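Colleague: Counting from 53, one number per residue, gives the positions in the sequence shown under my numbering.
Have a look at this one before I ask anything.
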Amino acid sequence: MFRVAVRLQHVLLFVPIALLLHADEATPPPTTPSVAPASPDAEQALQGFKIPSGMTGALFAAEPLIANPVAFYVDHNGRVFVCESFRQDVGVTDNRKHDEAWLDDDLAAQTVEDRLAYHKKRLPDNGIEYTKFDDRVRLVEDTDGDGKADRATVFANRFNKIEEGTGAGVIEHDGNVYYTCIPNLWRLRDTDGDGVADQRASMHNGFGVRVAFRGHDMHGLIVGPDGRLYFSIGDRGYNVVTDDGRLKDPESGAVFRCEMDGSNLEVVATGLRNPQELAFDDYGNLFTGDNNSDSGDQARWVYVVEGGDTGWRMSYQYLPDRGPFNREAIWHPFHEGQPAYIVPPVTNVADGPSGLAYYPGTGLGDEQRGRFFLCDFRGGSANSGVRSFRVKRKGAFFDLVDEEQPFWNILATDIQFGPAGGVFLSDWVDGWNGEGKGRLYHFTSAAAQMSPIVCEVKELLASDMSQFKTERLQQLLGHVDQRVRQASQFALAKRNAIDALTRTALDDDRSLARLHGIWGLGQIGRADSTARDQIAAIGIDLLDDDDVEVRSQAAKLLGDLRVDSAATQLTARMTDPDERVRYFAASSIGKLGAASALAAVVTMLEESADLDPVLRHGGIMALVGIGDVDELVSLRLHHSRSVRLAAVVALRRLASPQIVSYLKDTDPLVVIESARAIHDLPIPEAMPALASLIDSMSNDDALLRRVLNANFRLGQPQHAAALAAFAARSDGTVTLQVEALDMLATWESPSNRDRVLGMWRPLSNRDREVAVAALLPKLGAMLSGSNDVRVKATQVASQFGLPEAGPALLELFADAKQPAKVRADAIHGLGKLKAVETPGAIQSALTDSEPLVRAAARTALASIDPEAAVAPLQVALSAETTIERQEAAAALATIESDTAMQVLVTAVEKLIAGEIPADTQLDILEAAQARSTGRIAELLAKYDASRSADDPLANYREAMFGGDAGRGAQIFYVRTDLSCARCHRIDDSGGRVGPDLSSIALDKKRDYLLEAVVAPNRAIAKGFESVMIADAEGQIHVGILKEETDDAVTIMTADGKLMMIEQDEIEARRPGQSPMPEDIIKRLTKRDLRDLVEFLAQRKSPPKAEDKHE
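This is the structure in structure tokens:
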């Protein structure tokens, strides 16, 4: 009855599009998108691709038939459905484009409605500009069979609501077209065959709670071997109401599945950042490529297991070091000491994993059997393409092997194998936003195309298998092509052919056919409860089969169908010789909640000894499904750490406060796993026990950060006192002692973002005096500690205006052995305190031998006696050291007096006359702009008018010298709105999308570095600039520019060979675009720019050999 009701609901939602559009009159119709006209560019670009030997490529479709292809699907008749996006950066935005207030709103959002509300609040005209363009589905067809598309229709459009997009996934199945476009999973139908959908239904709504990063959308549509629809979402999160309740996680990406009618939606796995595409291998294993977080971490190849959590949280993106993701090596492949609650990646591969396909078994040749093909999208064609590899069993887990790069020099977004052989690739062409261009290429192997199997597969896939006899369908279950096997399985399941599927599962000597028989029985069992007993008996028999894969899938089948009577047999399989069988048996025990299997689960966990993360995960899921909290608590006495770790993770999954008993464990890994659960979920009832560990002797960073934060969040006087005592310890970890002091500094007005996780977890304001009372008794001990603790303690004391800090600050300044920065900070602190020691210290510091100290003294003097500071600041403007000149200009800008104003007037006059050193020009300009009235305003206008209109760097040249390399490093590595490290590598840290900058300053001057940021397309790095050249004989040459002289141009062609073309022979030439965003300069102040240039100007590491992929 329930299933019928669900299906009725979805039928009722299936309404004509005209009615939907009429009902949505609040959203204006989109503007017709700009699509580039037809040109020879697409054909010419083909010559620059690297493709495997023995294969040829052909253009199937290009602009104007398609544009901005995010993803596509080729149906069994060869029709191509293309997801086109015209909303990148003009309708679908990115948190990097907005300020901290916007980010706060995004982190706080719990529903799509929350996101829409703050968009309307923060955007002009309620965000109506975001509706200007739409995403859409285009249907492209080759109607005359010549291998080129000749017909294109807009299959579905007007996906242009503020909250919508990107439309990034499409698939056709049984006449339905499924389309993922945040916030909906759509089902579209074309009932009259005109190539335009006339019905659409939202199957589910509530995806995309947050903005996060562009591209972190709904995608990955694929029909699994179990006959269910699978799809994914990036870390924009979800809050979806289903008939069974609510699926909610605004913090991470996930993989979902549901029946083809939308019923029984469930989360398969979570903790992903951006799992763009999904692919099943021949044995029903699901994999995805997951993007990195632009912080030196690497993209992940993930085995997607039911209930798996791979550890990413969206809020980590906005922590400078990505928090636990980097600190606790969550993105690393499996290793000792890794958090036990995650299922780690198989390995790290690619930089921008996007489209993904598994070789179906025919179309390119037997040498491709077992291979995955993964698009690596890096923003530019010069270093993008497709990677290929296999996976190899390793217990219940996998290794990645046999990696190759079959296709390269193409900005591929998606890949799929065609029904008539060969493989299709979509080409985004250039950049990140889409240029109104797009191509679909078809690559084929001449040898494979001549094989009769290619014609056979084409004919079978285009057939209506519902008309086939059962015997033939049963035979096709063993076909060499995965798509044919699956289609015949689905046809048998649809006609309830239990006997045929059973015969195949039990008796067939074809291993893959047997698996399809089991999967088909599972489809029937889910749809028809009256058949479950019969199917259950078959599954139980198969548990004793000789074939490992058959036993594995039989165990999975029994769990999926909730066959309680199979508990005994599944329990026995947890001692199976094969780890894969043990994993599926344990997972199914969890689905059954079979308490009788508890002892066997514990034994399996003990014997596996944490050597196989998937096997451990299976045991954990069994413990969670059994759900006996008392038994889980009692396992704290078990002698095996592996068992205790699994019990902790199970209690985490059950959110049980009784997890506190494991905080007393003797093994540090068990303790920290308990702390992660209590703090990160959180489990509020257990937080006091976590906070009490502050007196422990542990030096584990992951543990102590959570212990400190527990005290900070609990917020009582005793917790403030505990933080102060921790900061004053003589044996503490300096970084964490500074963290404890910073907690006291922000005690009164804590951030709404959690200090460890970055999640939106608001705290109310607290009494400042609580922090002061905690700090005072420990201040002496802090000031006798390490330099970092001492400096931080003085800063906090100065912030609180504690006169007690005066003598300590004076002592710091007077200690000539201290670094200049520490002594300068002491002077700044005295200036803020205005303590009795301040005047004398400043006078002494004005004549100090250290420029940094002298500069600090003048700034401090400006704060306590502005007029007295003007004269020494005027002198300092002509000082020999950069820091003194810069600090003097900044201090003068704070003084509101005529004398200070006159000093600035003179300084700007010198600037116009070219008499100000290059490293101080920006400082003079900023000081003048802060006092831009009268004569100064006139001078500033005169200076701006003097800038050369022909110089693209004219408005930025004052940012070429004088920066702070330390701040520049923070901009490069930490600023999420820039994400420099996502693409660029420095000294083995960062991405590989763009050029390695470790040695950039060895042969590049500052003007080059400035231009590379301000106008990236004017200075594309060597080895990354693609070029297309037409020679005097009409030949087109495409490649990567390697060298250019007055006489010739040398390019590297797609096959890796160098070609020299004489300049006199070049008739036309067109450069490619830099993948670096053109508007990055809009996100930088000139001071930011100067600091970044300074940081880059110091990158002089010895050059290394070029990476083979770049």
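Glycine included, every Cβ here is placed at the ideal spot set by N, Cα and C.
Here the structure is a predicted model, which means the values were calculated and not measured.
(1) Indicate the three-state DSSP secondary structure (helix, strand or coil) for GLU1162 in the structure shown.
(2) My output table needs one value for ILE968: the three-state DSSP class, helix, strand or coil.
(3) Using alpha carbons as the reference points, say which of ASP1002, LEU525, HIS225 and ASP819 lies closest to PHE852.
(4) Should THR22 go down as buried or exposed, given a rule of 16 or more other Cβ atoms within 10 Å for buried?
(5) Three or more C-beta pairs closer than 8 Å, one from the stretch 507-514 and one from the stretch 550-570: is that the case here?
(6) For the candidate residues ALA402, VAL248, TRP484 and HIS494, whose alpha-carbon lies nearest to that of GLU455?
(7) Report the residue from LEU595, LYS1109, VAL320 and PRO372 whose alpha carbon sits nearest the alpha carbon of PHE101.
(8) Which residue from ILE462, ARG668, SER801 and TRP812 puts its Cα closest to that of ALA823?
(9) Please report the distance separating the alpha-carbon of ASP269 from that of VAL134.
(10) Is the beta carbon of ALA921 less than 8 Å from the beta carbon of ALA942?
(11) According to DSSP, what are the bridge partners of ALA1017?
(12) Tell me CYS1035's beta-bridge partners as DSSP assigns them.
(13) At what residues does the alpha helix (DSSP H) containing ILE976 begin and finish?
(14) Could you pull the start and end residues of the alpha helix (DSSP H) that PRO918 belongs to?
(15) Helix or strand or just coil, what does DSSP make of TRP383?
(16) Can you give the Cα-Cα distance for VAL481 and PHE265, rounded to whole angstroms?
(17) Whole angstroms are fine: how far does the CA of LEU477 sit from the CA of ARG439?
(18) Enumerate, from N- to C-terminal direction, the unbroken alpha helix (DSSP H) stretches of 4 or more residues contained entirely within the stretch 758-837.
(19) Alpha carbon to alpha carbon, how far is ASP794 from VAL602? Give it in angstroms, no decimals.
(20) Below 8 Å, can you find three or more Cβ-Cβ pairs linking the stretch 765-782 to the stretch 736-748?
(21) Run through the DSSP bridge pairs and tell me what SER915 is partnered with.
(22) Could you tell me which residues DSSP puts in a beta bridge with GLN457?
(23) Quick one: is ASP44 buried, meaning 16 or more other Cβ sit within 10 Å of its Cβ, or exposed?
(24) Between GLN973 and the rest of its own chain, which residues show a CB-CB distance below 7 Å, the 5 nearest in sequence each way excluded?
(25) Have a look at LEU73 and ILE394 and give me their C-alpha separation to the nearest angstrom.
(26) Buried or exposed for ALA75, going by 16 or more other Cβ atoms inside 10 Å?
(27) For the stretch 178-254, which segments carrying the beta strand (DSSP E) assignment without a break, of at least 3 residues, lie completely within its bounds, in sequence order?
(28) At what residue ranges does the stretch 512-599 contain a whole run of the alpha helix (DSSP H), taking only runs of 4 or more?
(29) Check whether the stretch 334-354 touches the stretch 292-301, taking contact to mean three or more Cβ pairs, one atom from each stretch, closer than 8 Å.
(30) Check SER640 in the structure and name its three-state DSSP category.
(31) Please identify the residue among LEU573, ARG280, GLY130 and TYR714 whose C-alpha is closest to the C-alpha of GLY199.
(32) Out of GLY986, ARG352, LEU159 and HIS669, which has the shortest C-alpha to C-alpha gap to ARG632?
(33) Compute the Euclidean distance between the alpha carbons of THR890 and GLY883, then round it to the nearest angstrom.
(34) Nearest-angstrom Cα distance between MET1112 and GLU1119?
(35) Return the first residue and the last residue of the beta strand (DSSP E) that THR340 is part of.
(36) By Cβ distance, which residues of its chain are closer than 6 Å to LEU237, with the 5 residues on each side in sequence left out?
Modeller: So, from the data block:
(1) Your numbering for residue 1162 matches position 1110 in the sequence shown. With a pLDDT of 31 at GLU1162, under the threshold of 50, the modelled position of that residue is not reliable, and no figure is offered here.
(2) Within the sequence shown, numbered from 1, the residue matching residue 968 stands at position 916. Under the three-state reduction of DSSP, ILE968 is assigned to coil, being neither helix nor strand.
(3) The residue labelled residue 852 in the question sits at position 800 within the sequence shown. The shortest C-alpha separation from PHE852 is found at ASP819.
(4) Any property of residue 22 remains undetermined from this structure, which presents the chain solely from 53 to 1162.
(5) Three or more Cβ pairs closer than 8 Å define a contact, and the stretch 507-514 falls short of that threshold against the stretch 550-570.
(6) For the purposes of this step, residue 455 is taken as residue 403 along the sequence shown, with counting starting at 1. Considering only alpha carbons, the answer is ALA402.
(7) By 1-based counting over the sequence shown, the position of residue 101 is 49. Minimum Cα distance to PHE101 is reached at LYS1109.
(8) As a working mapping, residue 823 is identified with position 771 in the sequence shown. Among ILE462, ARG668, SER801 and TRP812, the Cα nearest to that of ALA823 is on SER801.
(9) Here the question's residue 269 lines up with position 217 in the sequence shown. Here the question's residue 134 lines up with position 82 in the sequence shown. Each residue's Cα considered, the two are about 16 Å apart.
(10) Along the sequence shown, one-based indexing puts residue 921 at 869. Along the sequence shown, one-based indexing puts residue 942 at 890. No.
(11) In the sequence shown, residue 1017 corresponds to position 965, counting from 1. In the DSSP output, where bridge partners are listed per residue, ALA1017 has none listed.
(12) As a working mapping, residue 1035 is identified with position 983 in the sequence shown. None; CYS1035 has no bridge partner.
(13) On the sequence shown, residue 976 is found 924 positions in, with the first residue counted as 1. Annotation: the continuous alpha helix (DSSP H) that includes ILE976 extends over 973-982.
(14) In the sequence shown, residue 918 corresponds to position 866, counting from 1. That run of the alpha helix (DSSP H) goes 918-928.
(15) Taking the sequence shown and counting its residues from 1, one reaches residue 383 at position 331. Correct three-state label for TRP383: coil.
(16) One-based indexing of the sequence shown puts residue 481 at position 429. One-based indexing of the sequence shown puts residue 265 at position 213. Take the alpha-carbon of VAL481 and the one of PHE265: they are about 21 Å apart.
(17) Reading the sequence shown from its first residue, position 387 is the one you call residue 439. Reading the sequence shown from its first residue, position 425 is the one you call residue 477. Taking the straight line from one Cα to the other gives about 13 Å.
(18) Listed in chain order, the complete alpha helix (DSSP H) runs (minimum 4 residues) inside the stretch 758-837 are 769-779, 786-797, 820-827 and 831-835.
(19) Sequence index remark: in the sequence shown, residue 602 carries index 550 (1-based). Sequence index remark: in the sequence shown, residue 794 carries index 742 (1-based). Answer to the nearest angstrom: the Cα atoms are 58 Å apart.
(20) With a cut-off of 8 Å on Cβ pairs, the stretch 765-782 is in contact with the stretch 736-748, counting three or more such pairs.
(21) Along the sequence shown, one-based indexing puts residue 915 at 863. Residue pairing by DSSP places SER915 in no beta bridge whatsoever.
(22) If you number the sequence shown from 1, residue 457 lands on position 405. Its beta-bridge partners do not exist; DSSP assigns none.
(23) Within the shown structure, residues of the chain are numbered from 53 to 1162, placing residue 44 beyond reach of any answer.
(24) Residue numbering aside, residue 973 sits at position 921 when the sequence shown is read from its first letter. Spatial neighbours of GLN973 in its own chain (CB-CB distance under 7 Å, excluding positions within 5 residues in sequence) are listed in chain order as LEU963 and GLU1010.
(25) Position 21 of the sequence shown, counting from 1, holds the residue named residue 73. Position 342 of the sequence shown, counting from 1, holds the residue named residue 394. Its pLDDT being 49, under 50, LEU73 is placed unreliably in this model, and the value from its coordinates should be taken loosely. For LEU73 and ILE394, the distance between alpha carbons rounds to 44 Å.
(26) Walking along the sequence shown from the start, residue 75 turns up at place 23. Interpretation of ALA75 is limited by its pLDDT of 49, a score under 50 that renders its predicted location unreliable; the figure taken from the coordinates is listed afterwards. ALA75 is exposed by the Cβ-count criterion.
(27) Taking only runs of at least 3 residues, the beta strand (DSSP E) segments lying wholly in the stretch 178-254 are 187-193, 203-211, 219-225, 228-233 and 236-241.
(28) Entirely contained in the stretch 512-599, the alpha helix (DSSP H) runs reaching 4 residues are, in chain order, 522-528, 534-546, 550-559, 563-579 and 584-594.
(29) Under the three-pair Cβ rule at 8 Å, the stretch 334-354 does not count as touching the stretch 292-301.
(30) Taking the first residue of the sequence shown as 1, we reach residue 640 at position 588. Correct three-state label for SER640: helix.
(31) Taking the sequence shown and counting its residues from 1, one reaches residue 199 at position 147. Relative to the Cα of GLY199, the nearest Cα in the group LEU573, ARG280, GLY130 and TYR714 belongs to GLY130.
(32) As a working note, residue 632 is residue 580 in the sequence shown. Comparing Cα-Cα distances from ARG632 to each of GLY986, ARG352, LEU159 and HIS669, the minimum goes to HIS669.
(33) Residue 890 sits at position 838 when you count from the first residue of the sequence shown. Residue 883 sits at position 831 when you count from the first residue of the sequence shown. THR890 and GLY883: Cα-Cα distance of roughly 6 Å.
(34) Taking the first residue of the sequence shown as position 1, residue 1112 is located at position 1060. Taking the first residue of the sequence shown as position 1, residue 1119 is located at position 1067. For the pair MET1112 and GLU1119, the Cα-to-Cα distance works out to about 15 Å.
(35) Looking up residue 340 in the sequence shown gives position 288. Segment 338-342, the beta strand (DSSP E) holding THR340.
(36) Residue 237 sits at position 185 when you count from the first residue of the sequence shown. Counting only Cβ-Cβ distances below 6 Å, and skipping sequence neighbours, we find MET255 and HIS256.
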